[in-house]
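Have a look at the structure below before the remarks.
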Amino acid sequence: MVQLGPGLGSMMADHLPPVLLEACVVVGASSDKLREVYQAMNNTETPEHLLLEPEVLHVLVPPFVSRPLAESEAVRSQGKRRCSFLRKKREQLTPSAEATPSQGGGADGRGGSEDVTVPKDIDLMALPQLCFPGGLQVTNKQEDEQFHFLVFTDVFGNKTHGVVMQCYRPILEGSFKFSKLFSAYSFCVISKYPYFTALRDCLSCLLIQLRTCHLSDMEEKVREFAARLALVPIPPPGQLHLMFTLHPLTIVLPSREDKDHPAIDLDLHLPFFCFRPQQLLKVLSCLLQEQRVVLFSADWARLTLVAESLLLFLQPLKWQHPYVPVLAGGMLDFLMAPTAFLMGCHISHFEEVAAETDDLILINIDNGSVSSSCSETVDLPEIPPAVAHCFTQRCLSLQIHFDLHQCHRASCTDISEQRAQRRAWQRNLNHDIQRITLEVIVNTFRDVSSHLNYEHRVFNSEEFLKTREPAEQLFYKKVLETHIFHSFLKDRLNRKMDSFSRMELSTRSEMQKMKAMVEVPRRLTMQEIQSQRKSSVIENRLNKRLGMSLPNLGDDQTVSFQRNTLLNRIMISDAALKAPLKPVKVFKLPDFPASLSSHSVQSYYSELIQQLGMAIFSVQNENPTLLARFYYLRGFINTLCFRRLDALGDFQNLYRTDTAIFPTQLVTWLMDSLHRDERQQADRRPELNRLILKVRTDNEKPLVQPDDHVKKFELPRKQLPQDEFVRCVQECGIVKDVATIHRLFDALTDSQLKQVDPELFRVFYTLWKDTEAEAQDINLPSGVIGHLDNSEFVYKLSSCVKTSHGVGKIAMTQKRLFLLTEGRPGFLEITKFRDIQGVKIASAPFLLVRIPSLRIQTSSRPEVFEANLKTETELWNLVVKEMWAGRKMADQHKDPQYMTQALTNVLLMDTVMGCLQTPKSITAASKLAYFDKIKHEVPMMMPKTTSETLKHKINPSLDLAEPQTVHVLLYTPGQLTCNDLQGEVNPKLWVALSGGKVVVFDAASWSMLQDCIQVGQSQLNCMLGLVQQQVWIGSQDSVIYIIDTQSMSCNKQLTEHRHEVTGLTVDTRDKHNSQQTFSCSCDGMILQWDSAGLKVKRQFHLTCDRLSSIQIHDGTLWCCCGDSIVELKKNGTPQRRMELPDDLRSRPSSFSSFVVIPERGQLWTSCADSGELYLWHTNNHRCPFKRISLPGSSGVTCMIQVKDQIWVGCSGRSCVGGQCDVQLRSQLLVMDPESHTVAKELQAHSDSIQTLCSAEDRYVLSGSARRDGKIAIWKVE
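Per the working numbering, the very first residue in the sequence shown carries number 27; after that it's consecutive.
Here it is in structure tokens:
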């Protein structure tokens, strides 16, 4: 039998109880006061309305089930968050005015003075005024019932919600059968969750009973009502809604979308009935600027519903200031508060509030007007016009009239069916409205991330403001100073993946994605210029340039297309905006018990647990997300019933279904409350042992407080040593690479004083930004733009000079030099950087003197190009040589980042020359010519074999200040994430970096899809892709993390291993990968998984020092066990063991990797500290192994088989200039399994190769350690 245990109240109080009811409060006039009023009215003429002082008559709080006195005392003593209501009333009220509250715990509330504990954050002293904001009336006629809504906010910003129903009952006195007087009562249901519509429906059901019951029975009816609501659990975040029946209505509790969003149980289209889109934007603008905002309405209910909608429209931005949507008449002094606030009061106070207070924004909900207390207009900057235009266009598509939606349908004859249709329509409409308002926020703040430095948590607000139009800058200046924006910045710097981030990422243009692939200074591409000019023909509406985001070409036509470009940039496509609404499952709770006896409640919970068990069985292997919600609910109900072990079992299942809703605090409390016999039972259940161990281990870890500080960039005021100089340069967003900044530091300092003067830094910074802005002002005719590639940027322009091809200006892009001829503007290509054969300084005769000139020899034309650059000659010589060297490096190494780095070096040279302006400035600038320098020190020519095999290089650490080690690579083909709804999906490359970071690339374009998925905090050792839209990742912390390839989130964990997970493998013969999936940990434990159900099918233990990896071939498991390679039988026992060679046993050596080729009967093995491979013959046990020497290798880190080749990742050392280079050098060897020889030697990375993976046997990808930190992509022949 289910039993309710002691301590439940403490748990409910301390762990945010997911139940619907927090408290139910009845407010009205005391019986003594009503008796006095009745007697007085019998002797005089009754006025139409009489106002009385409202009081709390009854307070009903869970639990409502009777329990022994000892248990009740235990509950009360542990309820830290509750306080005594009766004691407070005795202290503050006179005895005659006391009302006796009722406790639901089985006591007789009508008699005695039993104390009652109520939630501490409910202010019962202020509640009567809020329940009767217009006053408690005694009338001579029956008034209609009215509802309104309350929101209480504590000092920490936590909200409690209330729904109030006012109804009138006759005042009965003595023997009078009928009364001519009616007194108002308020019934307030308080909940932690904003279920406004559901609670209004509940109170409407209560109203039916109150209409027919006597006043003496009212308390019992209310107690039964409250007790039923206390049995209703809150659905966890996700797609599971709960339904229950409260006669005569069926009521639905919608769930939250995720843990960062509140539940939405109101009609979000109500503000669109009250305000035109332009007025609504004014209101949102006032809130974004944190003004003192007051809502007015003649209907108390509208105040809260509109206020809540407005705050939801700001999501994910959160209002940080006082929020009181309903102010009673006696609370108007709140409006004198000097801080920003959002409050609401009755329309009758409009004139009084406007006259008595200054600087208020007055919003009349009833007529849709927005004014200030000083004038009929609002003198505040508005939301940017392009954002506003986009919003108003979207509003035209909203279908906000339910009757229009239903006019073609048959009339509903069933109220439940009609309510269901209305709920479905409202859910779709709310979703559309949320997407539209989120688009406003994304369009307004999309470019903020471009001005963030994540490493130093700096926001460069000045540079951000320069990208805004002058007319918009005042708006942004005000918003940037607000608490709401500061909180938004914290989330951006913490890389929070919320609704803003998801929409911003999903709506990036192809050009924005391309720019995100390489770190380049902000410039306008030719494609963007062309699109601007096309759009300028369509519409001519904007007035000034946008700073460094868009160019200022100086004429009216150019000015006009800039605004249109902004509009085109922020107009998100309908397809991107119309994200499909996720389907939901509605679970119906059992009917409430007829009585509230302990036995009846136990039976109710037992039936609910049984139904949840059936629901779990029905979705066991189909929908893990829904399965998690059922486990969560059953775990909570088991907790209520004090089935502790069953509850822990349910919560343990959340690791393999959805960790996002795992209730850590509740599980910790359950573990601590286990009795001795329960602990013994838990010890006999392995899954509970794992749960308890993991939760305790996690709780014992030191609590790391998130870094929430945000700095605004400020120019330094003191001398800058090298470390401080690095920080300042990174903060201001000029460059991230530390080595480049060190060279810049050397350029700006002399040999004696190794510090940069703050004034010099200011000049350097100002010149850099001015040069950046000037590059936007280059006016390129359309005929010139047509000769350039879409992705080209113009970075540098010379003064007008004489050249061997006429007079003009030399322009530099990242690909070429060209001459912008004078007179009739024309285009003449000088050379592409890859075609340059020589660059030198010469002198050209002019009259009696010789002028310095630059000569460029190119393969594209026979004659030498010469330009009389005069004083610019030396700088252009450095610039062209650096770009030439960078292009050669990029082409040789198939790595575009070399060109990007060369370009950055060139721009830094240009700025250093400008800010120093001394005879030595060219010497200082030359210190930044990195690639031109190393081409003379290190041979730039890559070996021919390497050059022919290498296809491309990518940098997964692009967004980080320093390179990270690439620990694991995984390629997943397109069909891995393909389903009927999405259609064709590109293949992906998954990259595991240090600290549990996973970066994802589109393997078709090599563009970054996801810059960081955090998978624990430890090093990741192995990855495996499965067809169930999952990527499994084994970690050093003993957990297998599972990433959902659709949502790109890590929401599942497998915790069955006790030690570091070192290997994952799947039998490729099993098309569904569901049965033959294996994992291993370093202690020798091997688990076989049902990957569909995420359950262990079989486990066995292999005795060894360290099990480092496993592979499966033809159904046989092969294990790398440090000093041996072991082949296992079907039952998991060793069948064969290949021992480490004797000469390696004398030193601490072990196998690092192996490759099995069953068709050849070969086993290839390697060691990390040996430059040899060891070949074993698996079909002939007596045949000795063969040693294969690897040239230039001191050890092997990894091996894979690709087609009929074996690719071997080696590490070694290279020597430069007679001295050993401290940097590790590595090579990639391609072995021929037939001849046992090296077929290819490839020069791979400047640090050891850490991992290899194959892409459909067409490419091999290699990832290196942190000194290199790049991924090389090789062609397979």
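Think of the CB as a built atom: it goes at the ideal place given N, C-alpha and C, for glycine as much as any other residue.
Computed from a predicted model, the values in this text were never measured in an experiment.
* Asked: Could you give the distance in angstroms between the alpha-carbon of N1376 and the alpha-carbon of L176?
  -> With the chain covering only 27 through 1303, there is no way to say anything about residue 1376.
* Quick one: Cα of D385 to Cα of S399, how far? -> To locate residue 385, count along the sequence shown from 1; it is residue 359. To locate residue 399, count along the sequence shown from 1; it is residue 373. Each residue's alpha carbon lies about 6 Å from the other.
* **Coarse secondary structure for C1108, derived from DSSP in three states** => Working through the sequence shown from its first residue, we reach residue 1108 at position 1082. C1108 falls in the coil class under three-state DSSP.
* Closest to Q745 by CA distance: which of D1070, V736 and P784 is it? -> On the sequence shown, residue 745 is found 719 positions in, with the first residue counted as 1. Cα-wise, what sits closest to Q745 is P784.
* Asked: Beta carbon of S1033, beta carbon of F1027: below 8 Å?
  -> Working through the sequence shown from its first residue, we reach residue 1033 at position 1007. Working through the sequence shown from its first residue, we reach residue 1027 at position 1001. Yes, the pair counts as a contact, with Cβ atoms nearer than the cut-off.
* **Cβ pair M191, L229 closer than 8 Å** => Against the sequence shown, residue 191 aligns to sequence position 165. Against the sequence shown, residue 229 aligns to sequence position 203. Result yes, Cβ atoms of M191 and L229 sit closer than 8 Å.
* L422 classed as buried or exposed, judged by whether at least 16 other C-beta atoms fall within 10 angstroms -> The count along the sequence shown starts at 1 and reaches residue 422 at position 396. Exposed, because fewer than 16 other Cβ atoms sit within 10 Å of the Cβ of L422.
* Could you give the residue range of the alpha helix (DSSP H) that holds K247? -> Here the question's residue 247 lines up with position 221 in the sequence shown. From DSSP, the alpha helix (DSSP H) with K247 extends over L241 to L255.
* According to DSSP, is F1180 helix, strand or coil? -> Position 1154 of the sequence shown, counted from the first residue, corresponds to residue 1180. Looking at F1180 - three-state DSSP - the assignment turns out to be strand.
* So, using beta-carbon positions, are L329 and L321 closer together than 8 Å? -> The residue given as residue 329 occupies position 303 in the sequence shown. The residue given as residue 321 occupies position 295 in the sequence shown. Taking 8 Å as the Cβ cut-off, L329 and L321 qualify as a contacting pair.
* For the beta strand (DSSP E) containing R876, list its first residue and its last residue. => To locate residue 876, count along the sequence shown from 1; it is residue 850. Segment V875 to T884, the beta strand (DSSP E) holding R876.
* Does the Cβ of S1064 have 16 or more other Cβ atoms within 10 Å, making it buried, or fewer, making it exposed? -> On the sequence shown, position 1038 is the one that residue 1064 refers to. Burial call: buried.
* Span of the alpha helix (DSSP H) holding I948? -> By one-based count along the sequence shown, residue 948 stands at place 922. Residues S947 to S952.
* Indicate the three-state DSSP secondary structure (helix, strand or coil) for E1086 in the structure shown. => One-based indexing of the sequence shown puts residue 1086 at position 1060. DSSP places E1086 in coil when its eight states are reduced to three.
* Asked: DSSP state of S401, grouped into three classes?
  -> Residue numbering aside, residue 401 sits at position 375 when the sequence shown is read from its first letter. Of the three classes helix, strand and coil, the one that applies to S401 here is coil, per DSSP.
* Check the DSSP bridge columns for M1049 and list the partner residues they point to. => Within the sequence shown, the letter at position 1023 stands for residue 1049. Bridge partners of M1049: I1059.
* **Which of helix, strand or coil DSSP assigns to M269** => For the purposes of this step, residue 269 is taken as residue 243 along the sequence shown, with counting starting at 1. Here M269 sits in strand by DSSP.
* Taking the C-alpha atoms as reference points, what is the distance between K841 and Q943? -> Within the sequence shown, residue 841 is the residue found at index 815, counting from 1. Within the sequence shown, residue 943 is the residue found at index 917, counting from 1. Approximately 29 Å, taken between the alpha carbons.
* Through-space distance from G1218 to G1235, alpha-carbon basis -> If you number the sequence shown from 1, residue 1235 lands on position 1209. If you number the sequence shown from 1, residue 1218 lands on position 1192. One C-alpha to the other measures close to 12 Å.
* Taking L358 as the reference, give the member of M1164, T383, T365 and T839 with the closest Cα. => Counting from 1 along the sequence shown, the entry for residue 358 is found at position 332. With distances taken between Cα atoms, L358 lies closest to T383.
* Within 10 angstroms of the Cβ of V181, are there 16 or more other Cβ atoms? Answer buried if so, exposed if not. => Residue mapping note: residue 181 aligns to position 155 of the sequence shown, counting from 1. Classification for V181: exposed.
* So what does DSSP say about W794, is it helix, strand or coil? -> What you label residue 794 is simply residue 768 of the sequence shown in a count that begins at 1. Here W794 sits in helix by DSSP.
* Since D783 is in the beta strand (DSSP E), which residue starts that stretch and which ends it? -> By one-based count along the sequence shown, residue 783 stands at place 757. Segment: none, D783 is in no beta strand (DSSP E) and carries neither H nor E.
* Asked: Leaving out the 5 sequence neighbours to the left and right, which residues in its chain are closer than 7 Å to G1051 when beta-carbon positions are compared?
  -> Numbered from 1 along the sequence shown, position 1025 holds the residue referred to as residue 1051. Excluding sequence neighbours, G1051 sits near L996, T998, L1002 and V1057.
* To do: Please confirm if the region 1132-1150 is in contact with the region 660-673, defined as three or more CB-CB distances below 8 Å between the two stretches.
  => no
* **Pick from Y480, S527 and L506 that is closest to L519, judged by C-alpha positions** => For the purposes of this step, residue 519 is identified with residue 493 of the sequence shown, where counting begins at 1. Measuring from the Cα of L519, the nearest candidate turns out to be Y480.
* Asked: Whole-angstrom Cβ separation of T1309 and A893, contact assumed at under 8 Å?
  -> Shown here, the chain extends from 27 to 1303; a query on residue 1309 therefore has no answer.
* **Contact under 8 Å by Cβ, F957 with G912** => Numbered from 1 along the sequence shown, position 931 holds the residue referred to as residue 957. Numbered from 1 along the sequence shown, position 886 holds the residue referred to as residue 912. Yes, these two residues count as a Cβ contact at 8 Å.
* In this structure, does DSSP put G132 in helix, strand or coil? -> Numbered from 1 along the sequence shown, position 106 holds the residue referred to as residue 132. Per-residue confidence for G132 stands at a pLDDT of 37, beneath the threshold of 50, marking its modelled position as unreliable; no derived number is given.
* Using the C-alpha atoms, what's the distance from S1237 back to K762? -> In the sequence shown, counting from the first residue as 1, residue 762 sits at position 736. In the sequence shown, counting from the first residue as 1, residue 1237 sits at position 1211. Approximately 28 Å between the Cα atoms of the pair.
* Within 10 angstroms of its Cβ, does P689 collect 16 or more other Cβ (buried), or is it exposed? -> Counting from one through the sequence shown, the residue named residue 689 turns up at place 663. Looking at its Cβ environment, which holds 16 or more other Cβ atoms inside 10 Å, P689 is buried.
* Starting from the Cα of F367, find the closest Cα among V319, A414 and L232 and give me that residue. => Locating residue 367 in the sequence shown gives position 341, counting from the first residue. Among V319, A414 and L232, the Cα nearest to that of F367 belongs to V319.
* **Delimiting residues of the beta strand (DSSP E) encompassing K492** => Taking the first residue of the sequence shown as position 1, residue 492 is located at position 466. From DSSP, K492 is part of no beta strand (DSSP E) but of the alpha helix (DSSP H) over S487 to K492.
* CB-CB under 8 Å to H482, same chain, minus the five flanking residues each way: which ones, in chain order? -> For the purposes of this step, residue 482 is taken as residue 456 along the sequence shown, with counting starting at 1. Only K737, R753, Q756 and E757 meet the Cβ criterion.
* P871 (DSSP reduced to helix, strand or coil) -> Here residue 871 corresponds to residue number 845 of the sequence shown, with the count starting at 1. Strand.
* Among Q172, C1076 and I862, nearest to S886 - alpha-carbon criterion -> Counting from one through the sequence shown, the residue named residue 886 turns up at place 860. Checking every option, the nearest Cα to that of S886 belongs to I862.
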